[in-house]
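Heads up: the structure comes next, in structure tokens.
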Amino acid sequence: MTREHRLGLLRSLMAGAAGGGLLDLIGMPLAWLVGPILGNLLLLAGGHAVWIPGPLRAFSLGVIGLVMGGMVTPDLMDRLMQWHLSVLILVAGVTVSTLLVARWYRRCGFDAPSAWLSAMPGGMAAMVAIADSAGGNLQRVSISQSLRVLTVICVLPPLFVLFGRGGEGTVVTVIEGGGFSNAWMLLMIPLLVPLGIRLGISAAPLLMPLMFSAALSATDLARFEVPAWTMNLALLCLGCSIGAKFGVFSLKTLVANARITLVATLMAIGILAVFAEMIHQTTGVGREVALLALAPGGMAEMSALAVVLGLDPLFVAFHQLLRVIGLMVLAPYISRRMTMAKPASKEKRGRER
863 MTREHRLGLL RSLMAGAAGG GLLDLIGMPL AWLVGPILGN LLLLAGGHAV
913 WIPGPLRAFS LGVIGLVMGG MVTPDLMDRL MQWHLSVLIL VAGVTVSTLL
963 VARWYRRCGF DAPSAWLSAM PGGMAAMVAI ADSAGGNLQR VSISQSLRVL
1013 TVICVLPPLF VLFGRGGEGT VVTVIEGGGF SNAWMLLMIP LLVPLGIRLG
1063 ISAAPLLMPL MFSAALSATD LARFEVPAWT MNLALLCLGC SIGAKFGVFS
1113 LKTLVANARI TLVATLMAIG ILAVFAEMIH QTTGVGREVA LLALAPGGMA
1163 EMSALAVVLG LDPLFVAFHQ LLRVIGLMVL APYISRRMTM AKPASKEKRG
1213 RER
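Counting in our numbering, the sequence shown runs from 863 upward without gaps.
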């Protein structure tokens, strides 16, 4: 770690702590995620470099995964069998959202591959990875996907405050008495995450610890629980890492794309909110739970918000995971179709000349 890295890490964490503490004082849900993001963005806007090492982000996600897994009960399989209707509604919602948001991006001057990949409400890493091979604009897709996640994270918590959820702030009493339960599981994170990455598991830093903890909790062998400050510390590190990622983009480029992506993201939230209401009406799942399950934000971030607000994190994580997996499966197919269509389009224009 170089001196510049150490200074960047210190700046990032200090700004994150200040931002998280300020939002926590005013009772903002997910304050220890949103505050660090905004704190780091302000530093970047002021020309100050920030940096968060990948292992710190992975460990933070691992802690969140262990907490979520600890909420699994032996009746989980029975619950999974009841979610088939909400899964179908999820598929319909993602399809409609992608179609309409892609049309908006096209209207704003995006080429077809960039519009489709930017409109996908999930699987950010996969969309960015295939943008170049699909003939899209790599920078546009990267910025659009990154701003989508940022917008959802920053918009949803205030909405929950406005409509009466999360009024007690982000202090999460995960375990009574302020201590740990089965803290030894934390030592498994450095082993589970590399294994998941080697196996090619999507979102391995979150899902591998989640599955490990869930297996032990579902069989009543061990249940992982932590005090509130530990969960908030994990959120702080995660928020700092999200904010620090925007350091790769110039401020001018971000501002130029902000309006387009803001409208696109609000469109996606509105469309998916309609389908979330359908889930609520047909299955009885709470509106807030259904909205988080369908929200076009990051899987880890939406799951963390569900944990903080006590809104059935397993239901949220399950549907978020299905959406990400589905989009990642479809993305290569869409990429191939666009790659094939591009030469055909050029050939057609050549004959017309």
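In this text, a Cβ means the ideal position worked out from N, Cα and C, and glycines have one as well.
Any idea what DSSP makes of residue i, helix, strand or coil?
i: Ser-1043; result: strand
i: Val-1033; result: Confidence at Val-1033 is low in this model, with a pLDDT of 36, below 50, so its placement is unreliable and the value that follows should be read with caution. Correct three-state label for Val-1033: coil.
i: His-867; result: helix
Looking only at its chain, what residues have a beta carbon closer than 8 Å to the beta carbon of residue i, apart from the 5 residues adjacent to it on each side?
i: His-867; result: Trp-913 and Pro-915
i: Ile-1063; result: Leu-1069 and Met-1070
i: Leu-1058; result: The displayed chain sequence assigns Gly, not Leu, to residue 1058. Contacts found: Ala-1066, Pro-1067, Leu-1069 and Met-1070.
Pick out whichever of the options has its Cα sitting closest to the Cα of residue i.
i: Leu-1156; options: Val-1178, Gly-1146, Val-1170 and Asp-1174; result: Val-1178
i: Leu-1098; options: Gly-897, Arg-865 and Val-934; result: Gly-897
i: Trp-1046; options: Ile-1187, Thr-960 and Leu-1078; result: Leu-1078
i: Val-1017; options: Gly-1188, Gly-1132 and Arg-865; result: Gly-1132
i: Ala-1120; options: Asp-1082, Tyr-1195 and Cys-970; result: Cys-970
Please return the same chain residues whose Cβ sits closer than 6 Å to the Cβ of residue i, not counting the five positions on each side in sequence.
i: Phe-921; result: Ile-1051
i: Arg-1199; result: none
i: Gly-955; result: Leu-1134, Phe-1137 and Leu-1156
i: Arg-893; result: Per the sequence shown, residue 893 should be read as Ala rather than Arg. Once the five neighbours on either side are set aside, the close Cβ partners of Ala-893 are Gly-882, Leu-885, Asp-886 and Thr-1032.
i: Thr-1127; result: Arg-1010 and Thr-1013
i: Gly-870; result: Ala-911, Val-912 and Trp-913
i: Val-1191; result: none
i: Arg-1085; result: Gly-932 and Ser-1079
i: Pro-936; result: Ala-1080
i: Ser-1103; result: Ile-914 and Arg-919
By Cβ distance below 7 Å, which residues in the same chain neighbour residue i in space, the five residues on each side in sequence not counted?
i: Val-1033; result: Caution is warranted here: a pLDDT of 36 is assigned to Val-1033, below 50, making its placement in the model unreliable, and no coordinate value can be reported.
i: Val-1003; result: Ser-976, Leu-979, Ser-980, Met-989, Val-990 and Ala-993
i: Met-876; result: none
i: Phe-972; result: Ser-980 and Arg-1002
i: Gly-998; result: Asp-973, Pro-975, Ser-976 and Leu-979
i: Leu-1154; result: Met-1164, Leu-1167, Ala-1168, Leu-1173 and Val-1178
Does the distance from the CB of residue i to the CB of residue j come in under 8 Å?
i: Thr-1013; j: Thr-1115; result: no
i: Ser-1165; j: Gln-1143; result: no
i: Pro-1019; j: Leu-900; result: no
i: Ile-1141; j: Ala-1152; result: yes
i: Leu-895; j: Leu-1171; result: no
i: Arg-873; j: Leu-905; result: yes
i: Ser-1008; j: Phe-1108; result: yes
i: Pro-1158; j: Gly-984; result: yes
i: Gly-931; j: Ala-1076; result: yes
i: Ala-907; j: Leu-1054; result: no
i: Thr-1145; j: Leu-1024; result: no
i: Phe-1042; j: Val-1110; result: no
i: Phe-1217; j: Glu-1163; result: Because the chain spans 863 through 1215 in this model, residue 1217 falls outside it and cannot be assessed.
i: Leu-952; j: Arg-1185; result: yes
i: Thr-960; j: Met-982; result: yes
i: Phe-1067; j: Leu-942; result: It is Pro, not Phe, that sits at residue 1067 in the sequence shown. Taking 8 Å as the Cβ cut-off, Pro-1067 and Leu-942 do not qualify as a contacting pair.
i: Trp-966; j: Val-1117; result: no
Counting Cβ pairs closer than 8 Å, one from the region 1070 to 1086 and one from the region 922 to 929, do we hit at least three? Contact between the region 1070 to 1086 and the region 922 to 929 is present: three or more C-beta pairs spanning the two stretches fall below 8 Å.
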